[in-house]
Amino acid sequence: MVEHLGVPEVHLLGHSHGGFVVQYHALHRPDRVAGVILYDSAPVTGPEHAAEAMRMVRSFAARYAGHPGLPEVLAAFQAIPTISDDVRMTAVARGLFPAYFADYWGREEEFAAMRAAVRAAHISGLDENLVPHAVDDRADLGSVTLPTLVVVGRHDVVCGVRWAEELHRLIPGSELLILEKSGHFGHIEEPDAFSRAVTRFVSSTARGTS
Numbered sequence: 116m117v118e119h120l121g122v123p124e125v126h127l128l129g130h131s132h133g134g135f136v137v138q139y140h141a142l143h144r145p146d147r148v149a150g151v152i153l154y155d156s157a158p159v160t161g162p163e164h165a166a167e168a169m170r171m172v173r174s175f176a177a178r179y180a181g182h183p184g185l186p187e188v189l190a191a192f193q194a195i196p197t198i199s200d201d202v203r204m205t206a207v208a209r210g211l212f213p214a215y216f217a218d219y220w221g222r223e224e225e226f227a228a229m230r231a232a233v234r235a236a237h238i239s240g241l242d243e244n245l246v247p248h249a250v251d252d253r254a255d256l257g258s259v260t261l262p263t264l265v266v267v268g269r270h271d272v273v274c275g276v277r278w279a280e281e282l283h284r285l286i287p288g289s290e291l292l293i294l295e296k297s298g299h300f301g302h303i304e305e306p307d308a309f310s311r312a313v314t315r316f317v318s319s320t321a322r323g324t325s
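Counting with the working numbering, you get residues 116 to 325 for the letters of the sequence shown.
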């Protein structure tokens with residue numbers, strides 16, 4: 116991949132599930148990687164991650180109790196186990212959309228068109244033995260030697276602050292940025308703060324810089 120780009124090193128940014136891909140590279144294929152950005156990611160999947168997500172969903176529901184849009188969001192969460200094709204996946208993703216923002220309904224005019232345009236593909240989370248595929252990198256993250264920036268939205272219900280703080284604690288020398296007015300999409304909700312942090316991190320960790 117790096118050879119095709121014609122550069123000596125790259126920075127890898129992984130958002131959400133993409134964070135697990137970047138963590139894999141940091142742990143197993145760090146050659147020619149100048150640094151990694153784990154953005155709304157986590158060190159683990161599975162029951163523990165799901166329990167934390169449900170805790171955050173309950174917090175979201177309490178924050179917006181009485182809002183007319185809340186029942187649709189909660190129904191979408193309940194429908195997640197029923198997803199079996201792209202059509203259902205798209206419907207659920209649109210239903211969940213407000214929960215992925217710090218204040219979707221306060222900025223609905225800004226984000227409504229984006230929600231209507233959502234298309235989602237259903238990809239099974241089962242391995243070749245039809246068992247849920249789980250990740251747990253916690254025992255290995257202490258061996259990461261690459262410069263690492265961890266970014267998370269304060270109100271992220273999917274991969275929230277608990278996981279960002281754990282990543283930050285486990286990865287030696289890592290930096291942590293919490294976007295206080297964001298959910299799962301800080302690059303959309305707080306684009307200036309997000310871009311400044313990423314630009315500074317990449318500039319400071321590029322080859323030939325201190």
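Note that CB positions come from ideal geometry on N, CA and C, so glycine has one too.
Pairwise C-alpha distance: residue j and residue i
i: Glu-163; j: Asp-252; result: 13 Å
i: Leu-185; j: Ile-152; result: 32 Å
i: Thr-314; j: Gly-129; result: 15 Å
i: Glu-118; j: Ala-206; result: 40 Å
i: Ser-327; j: Ala-312; result: The chain is shown only over 116 to 325; residue 327 falls outside these bounds and no answer can be derived.
i: Tyr-154; j: Ala-180; result: 28 Å
i: Ala-214; j: Phe-175; result: 7 Å
i: Asp-218; j: Ala-157; result: 22 Å
i: Leu-211; j: Ala-191; result: 6 Å
i: Pro-287; j: Gly-298; result: 26 Å
i: Ala-236; j: Leu-256; result: 30 Å
i: Ala-279; j: Gly-240; result: 23 Å
i: Thr-147; j: Leu-120; result: The sequence given here places Arg at residue 147; Thr does not occur at that position. Looking at the two C-alpha atoms, the distance is approximately 12 Å.
Residues near residue i by beta carbon distance below 7 Å, same chain, minus five either side
i: Arg-277; result: Glu-167
Buried or exposed by the 16-neighbour rule on C-beta atoms within 10 Å, applied to residue i
i: Gln-193; result: exposed
i: Ile-238; result: exposed
i: Gly-161; result: exposed
i: Met-90; result: Because the chain spans 116 through 325 in this model, residue 90 falls outside it and cannot be assessed.
i: Pro-247; result: exposed
i: Thr-260; result: exposed
i: His-270; result: buried
Limits of the alpha helix (DSSP H) - the one that residue i falls within
i: Glu-295; result: Counting along the chain, Glu-295 falls outside any alpha helix (DSSP H), and DSSP gives it neither H nor E.
i: Ile-301; result: It is worth fixing the name first, because residue 301 is Gly in this sequence and not Ile. Per DSSP, Gly-301 belongs to the alpha helix (DSSP H) from 301-304.
i: Leu-142; result: 133-143
i: Leu-282; result: 276-285
Nonlocal neighbours in the same chain, by C-beta distance under 6 Å from residue i, ignoring five residues either side
i: Phe-309; result: Gly-301, His-302
i: Gly-150; result: His-126, Leu-261, Pro-262, Thr-320
i: Ser-289; result: Thr-263, Val-265, His-283
Residue span of the beta strand (DSSP E) that contains residue i, given as start and end
i: Leu-127; result: 125-130
i: Gly-268; result: 263-268
i: Tyr-149; result: For the record, residue 149 in the displayed sequence is Ala; it is not Tyr. Taken as a continuous stretch (DSSP letters only), the beta strand (DSSP E) holding Ala-149 covers 148-154.
Beta-carbon contacts of residue i that lie in its chain and below 8 Å, excluding the five residues immediately before and after
i: Trp-220; result: Tyr-179, His-182, Gly-184, Pro-213
| task | Determine contact between the stretch 136-144 and the stretch 224-235, defined as no fewer than three beta-carbon pairs at a distance below 8 Å. | result | Pairwise C-beta distances place the stretch 136-144 out of contact with the stretch 224-235, as fewer than three of them are shorter than 8 Å.
| request: Kindly confirm or deny that the stretch 195-204 and the stretch 277-296 touch, where touching means at least three C-beta pairs closer than 8 Å. | output: The stretch 195-204, when compared against the stretch 277-296, does not touch it at the 8 Å Cβ threshold.
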